[in-house]
Every structure is written in structure tokens, then in C-alpha cells.
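There are 2 protein chains.
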Amino acid sequence: MAESGGKDTRERILRCAEELFGQRGYEAVAVSDIAQACGVSTALIYYHYTDKESLLRALVERASAVFDVHTRTAVEGTGSARERLETFIESWVRSADEHESLLRILVRPLTDPGGPLSAELLEGIGRTVEDLAAVIAEGVEGGEFAPVDPGMAAECLLGLVNTRAAASVLSKLVPGEPVEPVRANADFIVQLFFRGTSA
Amino acid sequence: MAESGGKDTRERILRCAEELFGQRGYEAVAVSDIAQACGVSTALIYYHYTDKESLLRALVERASAVFDVHTRTAVEGTGSARERLETFIESWVRSADEHESLLRILVRPLTDPGGPLSAELLEGIGRTVEDLAAVIAEGVEGGEFAPVDPGMAAECLLGLVNTRAAASVLSKLVPGEPVEPVRANADFIVQLFFRGTSA
DNA sequence: CCCATGACTGAACGTTCAGTCAGCACACAT
DNA sequence: ATGTGTGCTGACTGAACGTTCAGTCATGGG
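Same order as they appear, the protein sequences are chains A and B.
For the first sequence, the numbering used here assigns the number 1 to the initial residue and increments by one for each residue that follows.
For the second sequence, the numbering used here assigns the number 200 to the initial residue and increments by one for each residue that follows.
(1) Within 10 angstroms of the Cβ of E210/B, are there 16 or more other Cβ atoms? Answer buried if so, exposed if not.
(2) Going by C-alpha distance, which of S91/A, R15/A and A28/A is nearest L55/A?
(3) In angstroms with no decimal places, state the Cα-to-Cα distance between S32/A and E217/B.
(4) Go through its chain and collect everything with a Cβ distance to V347/B's Cβ below 8 Å, but skip five positions before and after it.
(5) If I measure Cβ to Cβ from G325/B and keep anything under 6 Å in the same chain, skipping five residues before and after, which residues do I get?
(6) With a threshold of 7 Å on Cβ separation, who are the neighbours of I212/B within its own chain once the five nearest residues in sequence on each side are excluded?
(7) Identify the contact partners of S95/A in chain B, using a Cβ-Cβ distance below 9 Å as the criterion.
(8) Identify which residue in I288/B, F392/B and V381/B has its Cα closest to the Cα of A366/B.
(9) Which class does S198/A belong to by DSSP, given the choice of helix, strand or coil?
(10) Against chain A, does T286/B count as a neighbour if the rule is that its beta carbon must be under 7 Å from one of theirs?
(11) For chain B, is any of its Cβ atoms less than 7 Å away from the one on L117/A?
(12) Please report the distance separating the alpha-carbon of A63/A from that of R195/A.
(13) Are P312/B and L320/B close, meaning C-beta to C-beta below 7 Å?
(14) Please report the Cβ distance between T270/B and T327/B, rounded to the nearest whole angstrom; I am assuming they are in contact, meaning their Cβ atoms lie under 8 Å.
(15) Evaluate S198/A with the Cβ neighbour count: other Cβ atoms within 10 Å of its Cβ, from every protein chain shown; 16 or more gives buried, anything less gives exposed.
(16) Using the Cα positions of P374/B and V292/B, report the straight-line distance between them to the nearest angstrom.
(17) Against G79/A, what residues of chain B qualify as contacts under a CB-to-CB distance less than 8 Å, listed in chain order?
(18) Using a Cβ-Cβ cut-off of 6 Å (strictly less than) and excluding sequence neighbours within five positions of V179/A, which residues of its own chain qualify?
(19) In chain order, what residues of the same chain have a beta carbon less than 7 Å from the beta carbon of R84/A, not counting five sequence neighbours either side?
(20) With a cut-off of 7 Å, does the C-beta of G313/B fall near any C-beta of chain A?
(21) Taking the alpha-carbon positions, what's the L302/B to A146/A distance?
(22) Give the residues of chain B in contact with G25/A, contact being defined as C-beta atoms less than 7 Å apart.
(23) Are the Cβ atoms of V107/A and T362/B separated by less than 7 Å?
(24) Can you grab the Cα-Cα spacing for the pair R223/B / S118/A, in whole Å?
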């Protein structure tokens with residue numbers, strides 16, 4: 001037992017921050033909000049983290065760890081380009097569902113540049129696009145895909161999988177919109193990306 | 200000449216706000232920033248607009264006017280579902296390019312719920328999705344499209360066209376990313392949505 | 001028993017920012 | 001001249017927020 005409180009609350013603080021940042025966005029959340037949310041004084045947060053921004057940075061690292069895996073396995077994995085992209089889509093969408101707040105933190109600068117860490121985050125997104133583009137280019141050269149522009153296709157693919165996160169925002173905040181099951185959504189994106197809507 | 204200054208500066212203020220909100224996001228922009236950007240005192244902004252939020256509201260109305268047209272003509276227009284969706288895509292992407300800041304203001308709550316006006320904005324996005332879904336449903340019933348889920352397809356379509364706005368953020372902030380010409384982008388989305396990437 | 005250390009708090013400080021207010025300048029009508 | 005209204009400003013206020021700091025409390029080793 002003993003001195004367990006330390007690391008423990010550090011983690012609790014981070015999780016509260018994750019949820020609040022994900023729900024309301026970085027600037028809309030006061031440090032005192034985070035403190036209150038996990039029953040702790042504001043000063044304690046500064047005991048464990050140097051900055052408000054360093055809290056965000058810790059979350060971004062965690063988020064990158066979760067989502068970058070999928071891109072890396074798509075690039076380095078074996079199998080056809082299509083197979084690798086399919087598993088990319090499935091695992092990304094699943095992670096998006098499990099770590100909704102983290103994904104929102106990652107992609108936020110796309111609609112809100114000028115926020116904190118947006119330069120780093122955009123760079124990360126740029127790398128993801130390039131990685132996906134490489135896989136798509138492989139597929140095009142191998143005759144698996146039509147001769148599409150890999151860069152554009154990669155952007156669109158990322159746009160599609162991230163639509164998941166956006167859709168969950170929508171469905172939570174506008175009454176009519178139903179929550180789609182994760183699996184159905186991933187399958188839908190796979191179909192749309194590879195076959196389009198043609199009859 | 201005479202009292203021309205009134206409406207004129209009112210408009211100038213709004214345009215400065217549009218640019219700054221679009222670039223940095225609502226909360227990152229101080230009212231005094233807007234004032235400085237168009238060479239005017241802070242107090243004058245409060246003379247013309249009651250609130251900081253009312254500035255945003257004025258912009259949102261303007262943005263809705265620009266983008267809702269495309270949805271309405273897609274719903275009410277004549278021609279096959281596919282034709283109407285194609286012109287929707289083309290005109291939306293063109294507007295996205297011309298009114299980048301406005302679009303960013305419109306879609307921001309997707310990655311940043313909890314911001315100001317996010318409820319209204321999300322509702323508007325929800326309506327757009329429903330409208331598109333209706334057109335897609337028509338196409339499915341008429342045998343034009345495969346039997347896809349119209350709601351999901353509509354979400355994905357909107358995700359695709361808005362990827363344009365995101366891409367422009369990307370290309371401006373990460374060095375490697377090139378700016379794609381508008382036309383090529385629209386055509387790409389049309390192809391991807393209707394035919395996928397199949398060879 | 002004492003002291004060092006780590007976890008934690010309450011109260012404050014400095015700054016930033018949305019919003020206010022009293023008043024100036026100028027045009028026009030009387 | 002004198003009033004009236006519109007467009008506009010500089011100086012200011014109150015609140016919120018990030019951040020700091022002095023100090024409390026429990027624990028565990030010497």
C-alpha cells in the first residue's frame with residue numbers, strides 16, 4: 001500500500017482532463033474545472049503538471065500512441081493494400097469509438113487552427129495522410145485500385161474515418177440522429193471507399 | 200456622402216471578425232483583436248453589435264445562407280439523384296474554397312462541442328445530413344444506388360466535402376502538403392463517392 | 001522521537017478580456 | 001447660434017482564469 005496516492009491521482013487528473021477537454025474543448029475548460037471534476041485542489045494539478053498545456057501534451061502523446069499504431073501496421077504490415085487499408089479502417093473506427101475524447105483532441109486543429117499545439121497536431125495528421133497515401137499508391141501501382149491520386153484518396157479516407165467521431169458528436173447533441181453500431185460504420189466506410197455507391 | 204460610415208464600418212467589422220474567427224477560432228480571438236484588425240476602437244464594436252456572440256451569430260447566418268442553398272437545390276431540384284448530388288458536391292466544394300473561414304465556423308462544433316452556438320450549429324448540420332439522406336434514399340429506391348444506408352451515406356458525403364476545408368488547413372500549416380485545385384478535388388470526391396476506388 | 005519527504009490545500013496575485021460609460025466631433029435641422 | 005442625433009473613442013471596471021506560494025498533514029527511515 002503506502003505511497004500509492006501519488007501516481008494514482010496523477011492518472012486520475014489526466015483522465016478528468018481527457019474527458020473535459022474532449023467534451024468542451026481545451027479553452028472552454030478551466031484548470032479549476034478539472035480540479036473540481038476529480039475532487040482535488042487546483043494547486044495539486046500544478047504539483048503534478050507544470051502547465052495547463054502540459055496536461056494537453058500528455059493527452060496528445062497518449063492519443064498518438066493509440067492511433068498511430070493503426071497507421072504503422074497499415075504501412076508495415078503484409079497482405080494486399082486493400083486488406084491493410086480495411087484493417088486500418090476497422091481498427092481506427094474501433095479506437096475512435098473507445099477513445100472518442102482523445103480523437104477529438106487530435107483532430108481539433110482541423111477546424112480550429114490557432115489553438116494550443118495545433119502545429120504539432122497538424123504535422124501528425126500530415127504524416128498519417130502521407131503514410132496512407134503510400135499504401136494507396138502501392139495499391140494503384142499493383143493494379144488493385146483505379147489510378148486515383150493517392151494523396152487525395154488518403155485525405156478522403158482519413159476524412160471518412162474521422163466522420164465517425166463527428167457523427168458521435170452529432171448523435172449525442174441532435175435528438176433525431178441515431179447512434180450507429182461501430183461495426184456497421186466501419187463496414188460502411190470500407191464499402192464506400194472501395195466500391196462507392198454504385199448499384 | 201455624409202453618414203455612409205455607419206453601415207460601412209459595420210460590415211468591415213464583420214469581415215474582420217470572419218477572418219480572425221476562421222483563422223484562430225472564436226475563443227482565441229479577443230474583441231480588441233478584431234478592433235485592431237480593422238483600425239477601430241473596441242467600444243465601436245459594442246456600438247454596432249450587442250455581444251461578442253452576436254458577431255458570431257451574424258457570421259453563422261451569413262454562412263448558413265451560403266451553404267444551405269446547395270442542400271436545398273439538391274433536395275428540391277430536378278434530375279436524377281446522382282446528378283443532384285454531383286452538383287451538390289461541386290458547388291459545396293467551390294463555396295468551401297471561397298468561404299473557407301465561414302465553413303470552418305459552421306463545422307467547428309464537430310470537433311469542439313461546448314463552444315458558443317454549438318447546439319444551433321449541430322442542429323443545422325443534422326438538418327443538412329437529413330436532407331442529403333433524403334436524396335440518397337430516393338436514389339436507392341430508384342435503383343440508382345446500391346442499397347446503402349442513406350443516413351450513413353449522407354454523413355460520409357458531408358464528411359468528404361468538408362475534408363476540403365480541413366485539407367486547406369493542413370496544406371497551409373504543414374510544409375509538404377500541396378494545395379489541390381478546387382475542380383480536381385470536387386471531381387475526386389464525386390468519383391470516390393459514386394464509384395469508390397475499385398479498378 | 002524527530003526530521004525529511006511527498007501529497008496536498010487555501011488564499012492570493014497578475015493578467016487578460018468582455019463589456020460599460022461619459023463625452024467628443026461632426027452633420028443637419030431649426 | 002442652438003439643439004439633436006449618429007458615429008465614434010479613451011479610459012475604465014468586474015470577473016475569470018492561469019499560476020504561485022506559504023504552509024498543513026501523513027508517513028516512513030534513522
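Here a beta-carbon is modelled for each residue, glycine too, at the ideal position from N, C-alpha and C.
Answer, in terms of the structure:
(1) exposed
(2) R15/A
(3) 31 Å
(4) I335 and V339
(5) none
(6) I233, C237, V239, I244 and H247
(7) The premise fails here: S95/A is roughly 16 Å from chain B at the closest Cβ pair, so nothing lies under 9 Å.
(8) V381/B
(9) strand
(10) no
(11) no
(12) 31 Å
(13) no
(14) 5 Å
(15) exposed
(16) 23 Å
(17) Those do not exist, as G79/A stays about 17 Å from chain B at its closest Cβ, beyond 8 Å.
(18) S171
(19) A74, G77 and V135
(20) yes
(21) 31 Å
(22) D311, G313 and G314
(23) no
(24) 10 Å
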